[in-house]
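What follows is a set of notes on a single structure, which appears directly below.
Number of protein chains: 2
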Amino acid sequence: MTLPIETPAVLVDIEIARRNIRAFQDYANRHGIRVRPHIKTHKLPQMAELQLEAGAIGITCQKVTEAEAMVEGSAQIKDVLITYNILGAEKLARLAELNKRVILSVVADNPTVIDGLSARFARENEPLTVLVECNTGADRCGVATPAEAASLARRIADAPGLHFGGLMTYPPVGGTERVQAFMSEAKRLIEADGIDVPTVTSGGTPNMMEAAGASVATEHRPGTYIYNDRSLVARGVATWDNCALTVLATVVSVPAENRAIIDAGSKVLTSDLLGLSGYGHVLGRDDIRIDQLSEEHGRLVSDGPISLKVGDKLRIVPNHACVVTNMVDAVHIVEGNEVKSIWPIVARGRVL
Amino acid sequence: MTLPIETPAVLVDIEIARRNIRAFQDYANRHGIRVRPHIKTHKLPQMAELQLEAGAIGITCQKVTEAEAMVEGSAQIKDVLITYNILGAEKLARLAELNKRVILSVVADNPTVIDGLSARFARENEPLTVLVECNTGADRCGVATPAEAASLARRIADAPGLHFGGLMTYPPVGGTERVQAFMSEAKRLIEADGIDVPTVTSGGTPNMMEAAGASVATEHRPGTYIYNDRSLVARGVATWDNCALTVLATVVSVPAENRAIIDAGSKVLTSDLLGLSGYGHVLGRDDIRIDQLSEEHGRLVSDGPISLKVGDKLRIVPNHACVVTNMVDAVHIVEGNEVKSIWPIVARGRVL
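Here the protein sequences come in this chain order: A and B.
In terms of full-length UniProt numbering, the first sequence opens at residue 1 and continues consecutively.
In terms of full-length UniProt numbering, the second sequence opens at residue 1 and continues consecutively.
Okay, here's the thing in structure tokens:
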């Protein structure tokens, strides 16, 4: 590995990414599931275009400013779901502008958010589509019961400036059955109230190959699947060969026989553990553990001699690909060991 | 708290920062220790100027591109130490340019790095000052013994284009005695070899108020002290009242009686734990734990009713201030509840 790149650098193998996109799109096509990838993993309009060209119906963003960057970056992006409770005058104004440019939808899990959206969109020509977020066990956002979902659906349907778009959930790993049970019951209650439920959207990469098990869902929102990472390899849903994103690092010190230090720390790999031990996997070196990160240093240890020398370059699969994308201003697009181009990560750091 | 700021946002109370700078500078002045603050915590030329105006002799950076951003950002920055093993043609070329603009020094803990620096600087007019990094127990970089330090000092002194600048260490917490023992012995050996040791530099905020205990050290490089954070409060070296950096967040969901969700996740607070449980401290709410982060959501839980409503704003002291600075493009400079200005974080994301 002698890529002519200053390190640390984030590399994305474009052929692996294409394969990963294809694999889930094929599954979804077979099962009649619409695919709406979450762009948090790549934050790149170019990658969204690959996903749309493969058959995705639109994209998912988590924040308003992410959606702005993506829509600005590609004319192919015409349908955006923001899976977030949006509050505040400035964000609502941005949302109103976005709603003029693309088919836009957002979610809400409480009356305060719905009323805020309605107050803003009542004065617009086009209504805003709002889905109800449901808690199917991840215990983050989302209404706790199908009855609450039905109550909010009614509130949205009655609210000036809003259009009820359906149901959304981000399930826990292994939550497919709970998605089916919760969303079916919520849909039944809402339809019994005379309201259409055009979309039921679920998400997550770990569950994606069993998405068809929740037949009530009309679409799925995988994010990490385009790159994969160490957490997904640990779960058995990916292999090192289909990890598209790696961090290229240089050994800058070998201060002891069993310890080496690389120039990638938490400012690139991040401290995300996702239940794992250690901060990434050194490709080709199963014997090495990345046992400690400071901001600019990663510490590699092995039980025996580490057999690395200063200047050696390593490729590391991070625990969590999505957060690594957010740490750097650009990614190096590679095919194998060849650098094809450098893409600025236009939706990086968009927290509003 | 009704700051007219879109959330999540990183706030820095400038008066608290000034007080923190003053407190350590006073201690250092009393004990004859030079102060060379590490800018990794703030990444802001304006904050470096406050530190220099208070009496700091220069700054510390971790990466070449950080140093470039800081020097570019303030004409007051004239003396920079980069505490890193620097390798690679592009970084060495950048270093040579920096060495023409400011008093520059770097560190090395191995012959490969020293030889690389010498090969590049042999063709420059001005030599580069190089200190030897010593491992006093943090087990990251650094030579393992005073004898190795002396051997590298000799190598630097003999290398074309280089000037031996002294000894550097980043000690573990509570490592003051080890600093004194290791550095004294290394200095003795180097001087016995006929080489001057002009600087012995140690670092770290947790140890800084006992820095005088390592009397061999001529300077100290604290970083986090300017802002403080939850990790330093937990260690008993700061209080909430002298935490200058906070994250302002909005409650976006209260999906259960004892659970609330805020719009700040790991993309702002980061997953750094530093040995703590939970991801930050909600000011004024000792009863709340931030028990889980995803990228854009923080989950707050309490044993009893959480008593928050959607739209409430909270200020959070993060576990680790330095890494939060790296997550956003700008900080809001405040005094109490009043916003004074917005400063772009010019050295953010500089990983090369």
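Every residue gets a Cβ at the ideal spot worked out from N, C-alpha and C, and that includes glycine.
- Look at the beta carbons and you see the segment 13-33 of chain A not touching the segment 62-79 of chain A: under three pairs across the two are nearer than 8 angstroms.
- Where A/Thr239 is concerned, there is no enclosing beta strand (DSSP E), because DSSP gives it neither an H nor an E.
- At least 8 angstroms separates the CB of A/Gln76 from every CB of chain B.
- For A/Arg34, the three-state secondary structure derived from DSSP is strand.
- Not a single C-beta of chain A is nearer than 8 angstroms to the C-beta of B/Asn228.
- Distances from the CA of A/Asn110 to each of A/Thr7, A/Thr145, A/Val254 and A/Arg19 were compared; the closest alpha carbon is that of A/Thr145.
- At a cut-off of 8 angstroms, the C-beta of B/Pro255 has a neighbouring C-beta in chain A.
- Assignment of beta-bridge partners to B/Glu219 by DSSP yields B/Arg34 and B/Thr201.
- The straight-line gap separating the alpha-carbon atoms of B/Leu128 and B/Pro318 is approximately 38 angstroms.
- Against A/Lys267, the close residues of chain B are Val323, Asn326, Gly349 and Val351, in the order they occur along the chain (beta-carbon pairs closer than 8 angstroms).
- Assignment of B/Gln292 by DSSP, reduced to helix, strand and coil, places it in the strand class.
- Judged by DSSP secondary structure, A/Ser105 falls within the beta strand (DSSP E) whose first and last residues are Ile103 to Ala108.
- The shortest C-alpha to C-alpha distance from B/His42 to any of B/Asp26, B/Ala211, B/Asp303 and B/Ile21 is the one to B/Ile21.
- In the DSSP assignment, B/Thr41 falls outside any beta strand (DSSP E) and carries neither an H nor an E.
- Separation of A/Asp139 and B/Tyr225 (C-alpha to C-alpha, rounded to the nearest whole angstrom) is 36 angstroms.
- With a cut-off of 8 angstroms on Cβ pairs, the segment 247-262 of chain A is in contact with the segment 306-321 of chain A, counting three or more such pairs.
- Between B/Leu92 and B/Ala67 the beta-carbon gap is near 13 angstroms, outside 8 angstroms, which marks them as no contact.
- Shown here, A/Met168 sits in a strand according to DSSP, grouped into three states.
- Between A/Ala234 and chain B, the shortest Cβ-Cβ separation is not below 8 angstroms.
- Residue pairing by DSSP puts B/Cys61 in a beta bridge opposite B/Ile82.
- B/Glu6 reaches chain A at Gly88, Glu90, Lys91 and Leu352, counting residues in chain order whose Cβ is nearer than 7 angstroms.
- A/Tyr84 places its beta carbon less than 8 angstroms from that of A/Val107.
- When C-beta distances to chain A are compared with 8 angstroms, the residues of the segment 140-151 of chain B below that value are Arg140, Cys141, Gly142, Val143 and Ala144, in chain order.
- At least one CB atom of chain B sits nearer than 8 angstroms to the CB of A/Glu296.
- In this structure, A/Thr169 places its C-beta atom within 8 angstroms of the C-beta atom of A/Glu133.
- Within chain B, the residues placing a beta-carbon under 8 angstroms from that of A/Asp329 are Gly349, ordered along the chain.
- Contact between A/Ala321 and A/Asn228 holds, since their C-beta atoms are separated by about 7 angstroms, short of 8 angstroms.
- Within the same chain, Cβ atoms closer than 7 angstroms to the Cβ of A/Arg230 are found at Leu276, Gly280, His281, Val317, Pro318 and Asn319, the five residues on either side in sequence being excluded.
- When the alpha-carbon of A/Thr136 is set against those of A/Arg178, A/Ile114 and A/Ala89, the nearest one is in A/Arg178.
- Exclusion of the five residues before and after B/Ile342 leaves Ala330, Val331, His332 and Ile333 as the residues of its chain whose Cβ lies within less than 8 angstroms of its Cβ.
- Pairwise C-beta distances place the segment 8-25 of chain A in contact with the segment 247-260 of chain A, as three or more of them are shorter than 8 angstroms.
- Taking a contact as a CB-CB distance under 8 angstroms, the pair B/Ile290 and B/Arg299 counts as one, their CB atoms being some 7 angstroms apart.
- When rounded, the separation of the alpha-carbon atoms in B/Phe182 and B/His220 is 16 angstroms.
- The beta-carbon separation of B/Leu189 and B/Gly165, rounded to 16 angstroms, does not stay under the 8 angstroms limit for a contact.
- Spatial neighbours of B/Pro255 in its own chain (CB-CB distance under 8 angstroms, excluding positions within 5 residues in sequence) are listed in chain order as Ile261.
- In the DSSP assignment, B/Gly298 falls within the beta strand (DSSP E) that extends over Gly298 to Val301.
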